[in-house]
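Encoded as structure tokens, the structure appears first; notes follow it.
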Amino acid sequence: MFEGSHDFNHFQEHGNAVINEAFKNKTRKEKRRFKRRVLREKRVEDRIERLDQNQNLRSQLEAWRRNFKRSKAKSRTLAFEKLNEARRLLNEKKLDDALEAYSQTILLLPFPDESKDDTDSSDLWVHCFVQRAVLYFQMKQFLNYVFDLEQAIKHTHDNSLKVLLLCYRFYYDASAFVNLKNTSNKGRVIVANRNLPIGSLVVSQPAFVSWLRPTYYDQYCNHCLNLLNNGCIPCRKCADMRYCSWNCSENAWNEYHKYECSHVPTIKNLAFEVCISHNELGTDNVMN
1 MFEGSHDFNH FQEHGNAVIN EAFKNKTRKE KRRFKRRVLR EKRVEDRIER
51 LDQNQNLRSQ LEAWRRNFKR SKAKSRTLAF EKLNEARRLL NEKKLDDALE
101 AYSQTILLLP FPDESKDDTD SSDLWVHCFV QRAVLYFQMK QFLNYVFDLE
151 QAIKHTHDNS LKVLLLCYRF YYDASAFVNL KNTSNKGRVI VANRNLPIGS
201 LVVSQPAFVS WLRPTYYDQY CNHCLNLLNN GCIPCRKCAD MRYCSWNCSE
251 NAWNEYHKYE CSHVPTIKNL AFEVCISHNE LGTDNVMN
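Heads up: the sequence shown begins at 1 in UniProt numbering, then just goes up one per residue.
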């Protein structure tokens, strides 16, 4: 009836509910009599055997055990049940309950294979993270919103969806002074929803690419371009690059610097030439 101590320990935690269900139509006297017969046995194994001899209790235990084993394993079927429950709760505006149901759905879903062949699991995985992200946004839990969008972007194989999710990810970096709207002549745009003071920070987004003039290497972080204020964190390999924090140092190394580190002297000049050749504002702006 039990497979190992873990099953039995779990039964001990929830056993009263199982036994009460099995004996719900019995009198109190019958319950006490059965309990005395079980407790008369000295060994745990004998008590389990005594429990197993009661047909009504045995059927309840088997049902409990099936549900227990079912609850421990990932299951696409159970995940769909939870997903439908989450949608229903969301329609009923029960946001906290819907959030928990979406989280349970993600826990129950089989983890998507890293290979591109497993598109079904990836699509469902992405769908759940996107839906939970939308819910987080409604609840103004913006850091969780961004985290779920990043998980969806990571697992989707649909490039058009990835672009859309990146747009929503970008929208998080915009201030509360702007709204996302669709216009007939420009399409989807960000517009101000109030008069803004001159110099207001409206949108913040990391640069896609940046170049730091070598004469400023000792003054600015080579990753985020913030002032170093006379302190710096070095590169793990070269003596050229300086960073404002360990975080910038690690991010720079993992993203690109491990590839360019031994070629920095060449890349310095190449980057400068690229900036000049593609600079629409003129050479003077690059030099300055």
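In this text, a Cβ means the ideal position worked out from N, Cα and C, and glycines have one as well.
- Taken through DSSP and simplified to helix, strand or coil, residue 234 comes out as strand.
- Between the alpha carbons of residue 147 and residue 133 lies a distance of about 8 Å.
- A direct Cα-Cα distance of roughly 10 Å separates residue 262 from residue 240.
- Checking the DSSP bridge columns, you'll see residue 181 partnered with 189.
- In this structure, the straight-line span from the alpha carbon of residue 242 to that of residue 150 is close to 29 Å.
- Within the model, the alpha-carbon separation for residue 87 versus residue 122 is close to 19 Å.
- In the DSSP assignment, residue 91 falls within the unbroken alpha helix (DSSP H) covering 76–91.
- Per the coordinates, the alpha-carbon of residue 54 lies some 35 Å from the alpha-carbon of residue 79.
- When rounded, the separation of the alpha-carbon atoms in residue 190 and residue 62 is 59 Å.
- In the structure shown, residue 220 falls within a strand segment according to DSSP collapsed to helix, strand and coil.
- Under the DSSP assignment, residue 105 falls in the alpha helix (DSSP H) whose first and last residues are 95–108.
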